[in-house]
DNA sequence: CGACCAGAATACGTATACAATGGACGGCAT
DNA sequence: ATGCCGTCCATTGTATACGTATTCTGGTCG
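Chains as they are written, first to last, in this note's numbering: chain Z, 4 to 249; chain G, 4 to 249.
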């Protein structure tokens with residue numbers, strides 16, 4: 004009955020992120036994982052933020068064991084960085100990593116477009132249009148965090164339509180990391196995806212025109228990358244030398 | 004001093020996979036991880052094999068906590084499957100997954116070839132030629148398991164030369180999974196990579212001919228995939244009926 | 001003779017307790 | 001007054017113990 008004790012204390016459930024759906028069951032960890040990963044993707048947790056194990060365990064009402072498992076999963080997805088003996092913190096992507104991620108998205112997402120165009124169905128198109136609409140509304144309403152998450156979800160859903168689960172997983176991972184990159188190198192007020200880009204892309208896909216969709220996706224990703232201000236932040240102590248010796 | 008107790012008992016060290024380099028230090032987990040992952044890639048642990056936590060903890064002389072961490076990491080790389088309440092077992096890839104993996108390799112590895120050709124250096128070429136030679140020797144000597152691991156390492160090293168660490172990680176993951184696929188769907192005696200394919204590929208890369216290297220890689224991967232006998236295996240108990248009723 | 005149910009054993013999931021390490025603050029010496 | 005060193009605290013890493021579910025086996029009933 005140890006599991007129930009946390010539920011009995013009730014404080015954990017009150018402060019949990021999603022009060023409605025935290026069952027006692029085994030999907031509890033999944034729920035916590037999504038709470039944390041959403042918070043990172045939505046920039047509620049900013050790069051560099053420390054994630055202490057016992058703080059998280061207290062917030063979510065589970066013991067440190069479960070938190071550690073979730074933290075390790077997030078670390079393998081490179082959303083958090085695990086420093087030995089120092090704990091976990093939200094990953095701060097370097098400029099090199101940012102370039103790698105966008106190059107990878109160029110290759111994979113663009114390469115997937117022809118197959119996506121081939122498999123596009125009216126139902127899927129409708130669902131994607133809904134997502135694009137909600138993203139536009141969130142953007143207009145000033146809810147940046149919701150817009151970022153919806154944008155990543157749009158790209159992920161699109162990749163999933165290709166039928167290749169492995170590549171879709173890769174794309175989802177890349178989109179999550181892109182959110183982090185936007186948090187570090189993005190300019191406030193000018194979010195990555197233009198408001199109507201996703202709708203335009205959908206039009207090409209509904210026409211079954213994979214080639215134009217591929218070219219458009221390429222421009223789309225290039226535009227996002229170009230909107231970033233990539234400048235290697237100061238690293239460690241060495242920059243102090245070049246700052247004060249100048 | 005709890006850590007030392009296992010070392011004192013000495014039985015763990017005697018039966019450990021790599022007796023030489025298991026320090027007490029924090030890289031112990033890394034060593035165990037590689038022991039298990041190598042065993043899977045080399046088909047010493049076959050798909051479907053159960054991986055009991057306490058058995059592993061006894062073999063390696065660490066407690067179940069550390070084993071669980073390693074098992075979860077392997078699960079995220081899809082080398083082992085974690086069934087709730089049932090434990091861990093070596094993943095048995097489905098035919099669909101096999102197709103996804105090889106399609107993904109087509110897209111990523113082929114797409115990487117031009118950049119690899121551009122960045123190829125004499126030193127890197129020499130290292131790759133050594134790996135190809137060792138793979139050929141292992142194949143000739145009948146050491147299938149070593150050849151499989153070297154082949155995966157060759158493809159991974161090649162991808163790493165592109166300079167894109169993210170895509171290189173993806174390729175390494177795909178190569179590991181490919182080893183599993185070969186174990187399930189490969190024909191004994193006819194391993195995936197032809198013995199001189201890797202050498203031929205290296206020639207194109209050394210010439211800086213990215214286009215031909217890309218085309219060759221595409222044929223190379225298609226050849227491997229074609230050499231598999233993809234047939235959905237029987238699932239569960241029903242196969243016993245059709246085996247013994249025949 | 002076969003199938004189903006029950007009990008026991010085995011193995012996983014979770015929490016908690018303990019140990020070790022790294023950082024921070026305060027004191028002391030120069 | 002400042003710089004260095006020692007001690008304390010905070011936080012993670014690891015192990016172990018307990019609870020629970022699943023499975024295998026043995027017995028009984030149809």
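We put the beta carbon where it would ideally sit given N, CA and C, even for glycine.
Quick check: residue i and residue j, are their CB atoms within less than 8 angstroms of each other?
| i | j | result |
| --- | --- | --- |
| residue 148(G) | residue 80(G) | no |
| residue 82(G) | residue 94(G) | yes |
| residue 120(G) | residue 138(G) | no |
| residue 209(G) | residue 166(G) | no |
| residue 170(G) | residue 115(G) | yes |
| residue 181(G) | residue 218(G) | no |
| residue 135(Z) | residue 201(Z) | yes |
| residue 77(Z) | residue 40(Z) | yes |
| residue 153(G) | residue 189(G) | no |
| residue 50(Z) | residue 183(Z) | yes |
| residue 113(Z) | residue 198(Z) | no |
| residue 43(Z) | residue 63(Z) | no |
| residue 123(G) | residue 211(G) | yes |
Shorter than 7 angstroms, the distance from the beta carbon of residue i to the closest heavy atom of the ligand GDP, or not?
| i | result |
| --- | --- |
| residue 109(Z) | Annotation note on the ligand GDP: not contained in the displayed structure, which lists no ligands. |
Between residue i and residue j, how many whole angstroms is the CB-CB distance? I'm expecting something under 8 angstroms.
| i | j | result |
| --- | --- | --- |
| residue 233(Z) | residue 173(Z) | Wrong, their Cβ atoms sit about 22 angstroms apart, outside the cutoff. |
| residue 54(G) | residue 91(G) | 4 angstroms |
- Tell me, please, whether the region 98-114 of chain G touches the region 174-183 of chain G by the rule of three or more beta-carbon pairs shorter than 8 angstroms. yes
- Task: Pull out every residue of the region 63-93 of chain G whose Cβ sits closer than 9 angstroms to any Cβ of chain Z, in chain order.
- Result: Per Cβ criterion, the list reads 68, 71, 72, 75, 76, 79, 80, 81, 87 and 88.
- Message: Short of 9 angstroms Cβ to Cβ, which residues in the region 145-163 of chain Z face chain G?
- Response: Taking 9 angstroms as the cut-off between beta carbons, none of the residues of the region 145-163 of chain Z comes near chain G.
- How do the region 124-141 of chain G and the region 123-138 of chain Z stand: do at least 3 beta-carbon pairs fall below 8 angstroms, yes or no? no
- Query: Going along the chain, which residues of the region 110-121 of chain Z sit with their C-beta nearer than 7 angstroms to a C-beta in chain G?
  - Reply: Within the region 110-121 of chain Z, those residues whose Cβ lies closer than 7 angstroms to any Cβ of chain G are, in chain order, 110, 111 and 114.
- Query: Counting Cβ pairs, one atom from each stretch, are 3 or more of them under 8 angstroms apart for the region 158-165 of chain G and the region 59-72 of chain G?
  - Reply: no
- Task: Would you list, in chain order, the members of the region 169-194 of chain Z that have their beta-carbon closer than 7 angstroms to a beta-carbon of chain G?
- Result: Listed in chain order, the positions of the region 169-194 of chain Z with a beta carbon within less than 7 angstroms of a beta carbon of chain G are 169, 170 and 173.
- Message: If the cut-off is 8 angstroms on Cβ atoms, which residues from the region 208-227 of chain G count as contacting chain Z, listed in chain order?
- Response: If you check each beta-carbon in the region 208-227 of chain G against every beta-carbon of chain Z, none falls closer than 8 angstroms.
- Task: Check distances from the C-beta atoms of the region 49-62 of chain Z to those of chain G and list, in chain order, the residues that come in under 8 angstroms.
- Result: none
- Item | 3-residue-minimum beta strand (DSSP E) runs that sit fully inside the region 59-118 of chain G, ordered along the chain | 83-86 and 90-93
- Message: Threshold first: 4 residues or longer. Then list the alpha helix (DSSP H) segments lying entirely within the region 207-232 of chain G, N to C.
- Response: 213-230
- Message: Using a Cβ-Cβ cutoff of 9 angstroms, what residues of the region 96-107 of chain Z are near chain G? List them in chain order.
- Response: Of all residues in the region 96-107 of chain Z, 99, 100, 102, 103, 104, 106 and 107 have a Cβ within less than 9 angstroms of some Cβ in chain G.
- With a floor of 4 residues, list each alpha helix (DSSP H) that falls wholly inside the region 110-177 of chain G, ordered by position along the chain. 125-143 and 147-163
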